[in-house]
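*Asks:*
4 protein chains.
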Amino acid sequence: MAQGAIKKVVLAYSGGLDTSVILKWLQEEYGCEVVTFTADIGQGEELEPARAKATAAGVKEIYIDDLREEFVRDFVFPMFRANAIYEGEYLLGTSIARPLIGKRLIEIAAETGADAISHGATGKGNDQVRFELTAYALNPDIKIIAPWREWDLLSREKLMDYAASRGIAVEMKRDGTKSPYSMDANLLHISYEGYDLEDPWVEPGADMWRWSVAPEDAPDQATVIELMFERGDCVGIDGQRMSPAEVLAELNRIGGANGIGRSDIVENRYVGMKSRGCYETPGGTILLKAHRAMESLTLDREAAHLKDELMPRYASLVYNGYWFAPERLMLQAAIDATQEVVNGVVRLRLYKGNVMVVGRKSETNSLFDASIATFEEDAGAYDQKDATGFIRLNALRLRVAGRKNRC
Amino acid sequence: MAQGAIKKVVLAYSGGLDTSVILKWLQEEYGCEVVTFTADIGQGEELEPARAKATAAGVKEIYIDDLREEFVRDFVFPMFRANAIYEGEYLLGTSIARPLIGKRLIEIAAETGADAISHGATGKGNDQVRFELTAYALNPDIKIIAPWREWDLLSREKLMDYAASRGIAVEMKRDGTKSPYSMDANLLHISYEGYDLEDPWVEPGADMWRWSVAPEDAPDQATVIELMFERGDCVGIDGQRMSPAEVLAELNRIGGANGIGRSDIVENRYVGMKSRGCYETPGGTILLKAHRAMESLTLDREAAHLKDELMPRYASLVYNGYWFAPERLMLQAAIDATQEVVNGVVRLRLYKGNVMVVGRKSETNSLFDASIATFEEDAGAYDQKDATGFIRLNALRLRVAGRKNRC
Amino acid sequence: MAQGAIKKVVLAYSGGLDTSVILKWLQEEYGCEVVTFTADIGQGEELEPARAKATAAGVKEIYIDDLREEFVRDFVFPMFRANAIYEGEYLLGTSIARPLIGKRLIEIAAETGADAISHGATGKGNDQVRFELTAYALNPDIKIIAPWREWDLLSREKLMDYAASRGIAVEMKRDGTKSPYSMDANLLHISYEGYDLEDPWVEPGADMWRWSVAPEDAPDQATVIELMFERGDCVGIDGQRMSPAEVLAELNRIGGANGIGRSDIVENRYVGMKSRGCYETPGGTILLKAHRAMESLTLDREAAHLKDELMPRYASLVYNGYWFAPERLMLQAAIDATQEVVNGVVRLRLYKGNVMVVGRKSETNSLFDASIATFEEDAGAYDQKDATGFIRLNALRLRVAGRKNRC
Amino acid sequence: MAQGAIKKVVLAYSGGLDTSVILKWLQEEYGCEVVTFTADIGQGEELEPARAKATAAGVKEIYIDDLREEFVRDFVFPMFRANAIYEGEYLLGTSIARPLIGKRLIEIAAETGADAISHGATGKGNDQVRFELTAYALNPDIKIIAPWREWDLLSREKLMDYAASRGIAVEMKRDGTKSPYSMDANLLHISYEGYDLEDPWVEPGADMWRWSVAPEDAPDQATVIELMFERGDCVGIDGQRMSPAEVLAELNRIGGANGIGRSDIVENRYVGMKSRGCYETPGGTILLKAHRAMESLTLDREAAHLKDELMPRYASLVYNGYWFAPERLMLQAAIDATQEVVNGVVRLRLYKGNVMVVGRKSETNSLFDASIATFEEDAGAYDQKDATGFIRLNALRLRVAGRKNRC
């Protein structure tokens, strides 16, 4: 993408091999200054090594931000108000983090006077789209450099050669061990792609998973927790109020320990191909189940049904990278308009991979009226005879049609 | 509902207390002949006692039908092609059986020259609606007697008194024990309502559940099975072809043994109230997960997304009783049009309540193309540079808007 | 509907024959005090005669309110932001007025200490539903008396007899002439039902229509007007700012003079039957066309498409009487979130029934970028090569499927 | 798009300047054999001159096909069953023709052993997408040459120079006059873009329009016609059965003479920009109105409403070029499933731009039941008391919520 001369570029920089190569490649190919941006969104890695490496590479402006609270408060929680699941299975852990990174890239570009941004996402995946749609929406004139779509370092071997020739250290993976999978992590999830997952018939090895124990290895005793909700967001656990990031971190801990939140799916990428991914989303899996249960008690039927009908589209928008698009904002406005009443407590039993709702209550907003629903006499709370007219008028169009010998 | 003189009525008759009282009450109140209809839809009860009781009550036309294959083939399976779930949790086990019963009532009315039908559903629930919408759609001129909406036997005590005064035997519940819950069962599920479930904060006792072991009591060893799909329907297990009812029965057995398919929810009834129900749907829970996995490999992305968007409406139609309505048929036509390619095998691990997809394959219809999706060099199967134009044109409207200082 | 003793009832009172009979009937049947409420919502009738008649009938609390501005500002305009049309043809003129009347009935009941409300809508129509859903939503414990569903005055003859026997004056219709049609009017429209319209093959006589000239009788010269929009609402005509009710009244005048806004349709009532109605909506017809044109210039594509997909449901909610329901509020939140940018001017040519958009502009919010769209060289505003990647990735799933010999 | 050596290419060839230049350019640039394909889809031009020019240019395989019946029967009519309108205004006249052209290009490529196709659509418009999505769906391995995205002849001047230098005749426009607009025509419509339309505030000159008289110039006497429908398709006019193409041609004639079917809109292109277009769709405008009227009498309410909700998506799919995509086929299956009952006759008055429905009837499928809808006594066809229960149960959720002080 010839975009004229680049003066300064902000790079989303993890400190790992790929983005270290990109940092060097940008300096060489574009002859421009590089600003690095490294974010803590709960991926569970130390960030200071990234600072040291950037400094060593001659970077003068180094941004290292703790975005965990913003991430959960302004991205994860609004999305969970929508009960968003992509294609029935995927909780959008990677998708929801990208617009936040993209937004910070644009903010830093403005602060540093950079005219371009760059990222390490490949040309085959969804992340490039998510980064770039965000960037273009927030700064229509930004220039974007996506090295994977430009260079010829398209195999791991070529990349390693390039690194070696430039003296870029090739370290072991994040936690000291080496994983053959392509992984991504943040406070909401960790994902795995590639390697033996490229055959959708093959079950991955037990040692792939990193955040959760296998259900088989979880405690033999169930864990019971109570989640407190206010306006659709979880604000505490077992009576203890917590910040958004604290809630999610704690649910990850509890869920992971109980073997909760693993999934293994084939999904449809926005760029047109099917891909296979495995995910661990322990806290999110608990949160989704609990949020739905809270809504089941407090939300009006038709509002709930409309939310369910809009949800797949909302999820696709998030998956495809349209967080900062008018249609996502429009749906969010509809969703948020329903959540004022979603207040109360949900009790859950967690056991070896299972999340079981076993109780829900709301002092202020329960729409469950036992005096109406009871199987016993209800003292006139509900007049059963009303049902006759209800059914007869709902059936009228079917009867008229039936008389024309049709259904 | 005064509907003029009734000559003969077909009653959906289980042989239990409620419908035995109704049988008597119809004879007394309407002075009409009663035809009984008892169906085996897999509820797991003997039907012959119903014949004996009906005979004893003076019934001359007694219908006892085994509808299990028709139930699964023509009702359950089409519904599972839609991946139908009501309100995110309920697999519609009761809902899907009602139109079949209603249809047989109308057929038997035609065969026996009856001018009315009757059922034992209360005036507060969904089942009355499902029976009667079905009946009206298939015979617009049928008369319907819903005793619960007419009589004054509105408490259990009054009902027992009526039974005692007419010499109707009050037996123990189905399996010899007495349950305090209102239950309904068929090949797809068993449901529980009432009693302590009327407080949504209370967890039901462990002895309520009847079809499945608790996850805690399931085997410590996972069970691995393979489900074969043809045109979206499961046609066999572990290489063994089976009829629809056999498939579901076998999945119930395997699922129940592994603690699969329990749920505890608050749902919104069509008649306007929230109610709390517990369900065991072992086979259905496995089937839904497997069908989605089969689709993930074989179904086009946009067809799958459209199915997901239409699903909540389809599920509401089934829940509300509109099986024989043009809008359900219309959605079914759309859904069925997608299923020709849903062929292949899904491998699942079942363990203490968990259904884990661990493999899926389709020789004829897999859309997973490893040569495109690979993280390695792809020999030109996919040109990463295409992504640049894809992103730039998708971003164009956001950029133009951004220039007007909006997102 | 036996609802216990009624002490005081607020009646929606027009002063015409029907509601005068109801007033008397309420006094006789229920022996309760009646409060009358008469609203000016632009129906074009004098209201003071209603006061005189109510006084004569012994009513002590008489409410006569001018609700025209509230009607247009809080009901008509929000609905037009949604571009609402029911079943492709009906602009919801009657539907949108009912929740306002219902709301005032409940407010007046609170002010006067009444425990019930009453209205003159029949048991076959939509209006009873709209009044009563509104009333129940705003006061769940209100009692509602719907005389048409209770009494036996079900023919015009019986009604006249009742009136005669009680000395109720049977006057000519509104404007001094007598119409055989059932009519309803407010600032948005006038409607006709019944009489020869009951055969949908019959064209109504030319003298049925009251608000507009026939296209044949409209001026031979087109009228050109410019409508100013702010945040999706029309705030003025031809440079002249006006209040909401003034805008609509003026558009009615201009539209009616140009033969605009007649329609003749068969529609589906909420109570299950088809009915045939004729409508004159001159101002609304112009407004809808202009609003869409304003959005076409200023609204994002995906927001506009989502609005279009949600519109039919929004229209059904309004038609069915669910104005004060969570799902309508939810949709309204989504719609309103899009309208901040709908600012500018639309120019229209009105000619013998036609509303033709001939220009639209927006200094602040036009998303039309001639430098991109031009057929001439665009100096790099758009890179045509981007389209290649855009198409190729959008086609990818079709190609992969095509290789499996399917489309 | 480097696609390796091309041996033979099938070109969609009109015989006009642009495609004549492309023909030459393909021969020069690709050094390959060119097959020309010219279709009669009702654009109203002679095709034989195209044959002569192709022959003169050295083309050996020349295809000239009359596709009018196929176009209307298999493309236009299925689309009208859906009542498709894009963005509330556009009847998709150009969009619906492209997949047919694309399909024939692929068929001819197969017949002639060509490995590529080519077309004259620019890189800014929708048509390139429609041609190419169709082509890729039907032959995933086809190569596509889109000269406008490759060459540098991006202004009219450069094109003329190229033509002059190669001896390509630059003739006047189709009908002998010269139009400054970019136009496209087929049996469904004629479109205009570019020139003074590039300012959306400017009204085009009266001499732009070609197919219809201005409403001002239409006859002073209305024309009344009756359209016969079978299964949702128009099969005749005024009692005279006609083929699909005959129907549309005749409606174009009648509509055009009565000033019907002009529109002037700003629309959102799939490639991301807004553009302004004017359209004449005389027959289609009549057909849409009549089809809706036929459905209003014969179609079930909920089926009709579901169609309305799905329509905008269906229209977008057609607009964006996804005719041969699974999701369009899926929607078509749903739509077609409803049309079996859409039989009868619609009477219309056409007058100076207006299409007024004045009658509709269906002997076999009318769902209008005057005995139910009547304002007079109905002899028990409808029990008004049923409405009480209907309203009360529909209000129940609102009342329960109201008791929690919410709406």
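Protein chains in written order, with full-length UniProt numbering: chain W, 1 to 407; chain P, 1 to 407; chain V, 1 to 407; chain A, 1 to 407. Glycine included, every Cβ here is placed at the ideal spot set by N, Cα and C. Please read these numbers as outputs of a predicted model, since none were measured by experiment.
1. With a floor of 4 residues, list each alpha helix (DSSP H) that falls wholly inside the region 294-335 of chain P, ordered by position along the chain.
2. Around the C-beta of residue 413(V), are 16 or more other C-beta atoms found within 10 angstroms, so that it is buried, or is it exposed?
3. Would you say N126(V) faces chain A, with C-beta separation under 8 angstroms as the test?
4. Can you check which of these residues, T281(V), M356(V), N186(V) and S366(V), is closest to N343(V) by C-alpha distance?
5. Excluding the 5 residues flanking H291(W) on each side, which residues of the same chain have their C-beta closer than 6 angstroms to its C-beta?
6. Measure from the alpha carbon of A260(V) to the alpha carbon of each residue in E216(V), K8(V) and Q240(V), then state which is nearest.
7. Evaluate the contact criterion for the region 369-377 of chain A versus the region 299-308 of chain A: three or more CB pairs, one atom per stretch, below 8 angstroms.
8. Can you name the residues that DSSP bridges to C234(W)?
9. Against chain A, does M356(V) count as a neighbour if the rule is that its beta carbon must be under 8 angstroms from one of theirs?
10. Within a Cβ cutoff of 6 angstroms, which residues of the same chain sit near G42(W), ignoring the five residues on either side of it in sequence?
11. Are the beta-carbon atoms belonging to L227(A) and V345(A) less than 8 angstroms from one another?
12. Looking only at its own chain, which residues have a Cβ that is under 7 angstroms from the Cβ of R149(A), when we skip the five neighbours before and after it?
13. Nearer than 7 angstroms: is that true of the beta carbon of W211(P) relative to any heavy atom of the ligand ADP?
14. Residue range of the beta strand (DSSP E) that D264(A) falls in?
15. Write down the C-beta distance between A304(V) and E87(A) rounded to the nearest angstrom, noting that I regard them as a contact closer than 8 angstroms.
16. DSSP has residue 411(P) in a bridge; who is on the other side?
17. Compare the beta carbon distance of V202(A) and G359(V) with 8 angstroms and say whether it is the shorter of the two.
18. Cβ of E376(P) less than 8 angstroms from any chain W Cβ?
19. Could you round the C-beta distance between A39(V) and R104(V) to whole angstroms and report it? I think they count as a contact, below 8 angstroms.
20. My output table needs one value for K24(A): the three-state DSSP class, helix, strand or coil.
21. Between which two residues does the beta strand (DSSP E) holding A12(W) run?
22. For a contact meaning CB atoms closer than 8 angstroms, what does L367(A) contact in chain P?
23. Between N139(V) and chain A, is there a C-beta pair that is closer than 8 angstroms?
24. Using a beta-carbon distance cut-off of less than 7 angstroms, what residues from the region 307-338 of chain W approach chain V?
25. Is the beta carbon of I265(A) sitting closer than 8 angstroms to the one on S296(V)?
26. Would you check if the distance between the CB atom of S191(V) and the CB atom of Y279(V) is smaller than 8 angstroms?
27. Relative to the alpha-carbon of K307(W), which residue among L317(W), A334(W), K158(W) and I254(W) has its alpha-carbon at the smallest distance?
28. By how many angstroms is the C-alpha of L92(P) removed from the C-alpha of A257(P)?
29. Name the residues in the region 245-268 of chain V whose C-beta lies less than 9 angstroms from a C-beta of chain A; which are they?
30. With a threshold of 8 angstroms between beta-carbons, can D300(W) be considered close to chain V, or not?
31. Could you please tell me which residues of the region 278-295 of chain P, in chain order, have their CB closer than 8 angstroms to any CB of chain V?
32. M311(A) and N83(A) look like a contact to me (Cβ under 8 angstroms); what is the Cβ gap, rounded to whole Å?
33. May I ask which residues mark the beginning and end of the alpha helix (DSSP H) holding L251(P)?
34. For I6(V), which option in A379(V), Y314(V), L159(V) and E33(V) has the closest C-alpha, if you only look at C-alpha atoms?
35. Output the distance between the C-alpha atoms of R397(A) and G120(V), rounded to the nearest integer angstrom.
36. Pull up the distance between the alpha-carbon of C407(W) and that of Q339(A), whole angstroms please.
*Replies:* This is what the structure holds:
1. Fully enclosed alpha helix (DSSP H) runs of 4 or longer: 301-320.
2. No answer is possible for residue 413(V): the residues shown for chain V start at 1 and end at 407.
3. Here the question's residue 126(V) lines up with position 126 in the third sequence. No - not a single Cβ of chain A is within 8 angstroms of the one on N126(V).
4. On the third sequence, residue 343(V) is found 343 positions in, with the first residue counted as 1. Here the closest residue by C-alpha is S366(V).
5. Translated into positions along the first sequence, residue 291(W) becomes position 291. Correct list, in chain order: F80.
6. Looking up residue 260(V) in the third sequence gives position 260. Checking the displayed sequence, the identity of residue 260(V) turns out to be Ile instead of Ala. Out of E216(V), K8(V) and Q240(V), E216(V) has the C-alpha closest to the C-alpha of I260(V).
7. No, the region 369-377 of chain A is not in contact with the region 299-308 of chain A.
8. For the purposes of this step, residue 234(W) is taken as the residue at position 234 of the first sequence. DSSP, once it has assigned bridges, lists F229(W) as partnering C234(W).
9. Counting from 1 along the third sequence, the entry for residue 356(V) is found at position 356. Chain A, which has a Cβ nearer than 8 angstroms to the Cβ of M356(V), makes this yes.
10. Within the first sequence, numbered from 1, the residue matching residue 42(W) stands at position 42. The answer, listed in chain order, is R68, N186 and L187.
11. Looking up residue 227(A) in the fourth sequence gives position 227. Looking up residue 345(A) in the fourth sequence gives position 345. Closer than 8 angstroms, so yes.
12. To locate residue 149(A), count along the fourth sequence from 1; it is residue 149. Excluding sequence neighbours, R149(A) sits near G123.
13. You won't find the ligand ADP in this model; it holds no ligand whatsoever.
14. Position 264 of the fourth sequence, counted from the start, is the residue given in the question as residue 264(A). R262 to N268 is the span of the beta strand (DSSP E), which, as asked, contains D264(A).
15. Locating residue 304(V) in the third sequence gives position 304, where the first residue counts as 1. Locating residue 87(A) in the fourth sequence gives position 87, where the first residue counts as 1. Taking the Cβ atoms as the reference, A304(V) lies roughly 7 angstroms from E87(A), within the contact range of under 8 angstroms.
16. Given a span of 1 to 407 for chain P in the structure shown, any question on residue 411(P) remains unanswerable.
17. Residue 202(A) sits at position 202 when you count from the first residue of the fourth sequence. Residue 359(V) sits at position 359 when you count from the first residue of the third sequence. Taking 8 angstroms as the cut-off, the Cβ atoms of V202(A) and G359(V) count as close.
18. For the purposes of this step, residue 376(P) is taken as residue 376 along the second sequence, with counting starting at 1. So yes, E376(P) belongs to the interface.
19. Taking the first residue of the third sequence as position 1, residue 39(V) is located at position 39. Taking the first residue of the third sequence as position 1, residue 104(V) is located at position 104. Sure, about 6 angstroms apart at Cβ, within 8 angstroms.
20. Within the fourth sequence, numbered from 1, the residue matching residue 24(A) stands at position 24. In this structure, K24(A) counts as helix in the three-state DSSP scheme.
21. Residue numbering aside, residue 12(W) sits at position 12 when the first sequence is read from its first letter. Where A12(W) is concerned, the enclosing beta strand (DSSP E) stretches over K8 to A12.
22. Counting from one through the fourth sequence, the residue named residue 367(A) turns up at place 367. Here the premise fails: no neighbours, minimum Cβ distance about 11 angstroms.
23. Here residue 139(V) corresponds to residue number 139 of the third sequence, with the count starting at 1. Answer yes: the Cβ-Cβ gap between N139(V) and chain A drops below 8 angstroms somewhere.
24. A325, P326, E327, L329, M330, L331, A333, A334, A337 and T338: these are the residues of the region 307-338 of chain W whose beta carbon lies less than 7 angstroms from some beta carbon of chain V, given in chain order.
25. As a working note, residue 265(A) is residue 265 in the fourth sequence. As a working note, residue 296(V) is residue 296 in the third sequence. Yes; because the gap between Cβ atoms is below 8 angstroms, this pair is in contact.
26. Here residue 191(V) refers to the residue found at position 191 of the third sequence. Here residue 279(V) refers to the residue found at position 279 of the third sequence. Yes.
27. Numbered from its first residue, the first sequence carries residue 307(W) at position 307. With distances taken between Cα atoms, K307(W) lies closest to A334(W).
28. Counting from 1 along the second sequence, the entry for residue 257(P) is found at position 257. Counting from 1 along the second sequence, the entry for residue 92(P) is found at position 92. Rounded to whole angstroms, the gap between the alpha carbons of A257(P) and L92(P) is 21 angstroms.
29. G259, R262, S263, D264, I265, V266, E267 and N268
30. For this step, residue 300(W) is matched to residue 300 along the first sequence. Judged by the 8 angstroms Cβ criterion, D300(W) is in contact with chain V.
31. none
32. Along the fourth sequence, read from residue 1 onward, the residue named residue 311(A) stands at position 311. Along the fourth sequence, read from residue 1 onward, the residue named residue 83(A) stands at position 83. Right, their Cβ atoms sit about 6 angstroms apart.
33. Here residue 251(P) refers to the residue found at position 251 when the second sequence is read from its first residue. From DSSP, the alpha helix (DSSP H) with L251(P) extends over P244 to A257.
34. Working through the third sequence from its first residue, we reach residue 6(V) at position 6. The shortest C-alpha separation from I6(V) is found at E33(V).
35. As a first step, residue 397(A) is located in the fourth sequence; it is residue number 397 there, counting from the start. As a first step, residue 120(V) is located in the third sequence; it is residue number 120 there, counting from the start. Between R397(A) and G120(V), the C-alpha separation is close to 25 angstroms.
36. One-based indexing of the first sequence puts residue 407(W) at position 407. One-based indexing of the fourth sequence puts residue 339(A) at position 339. Unreliable placement is indicated for C407(W), whose pLDDT of 41 sits below 50; no coordinate value is reported for it.
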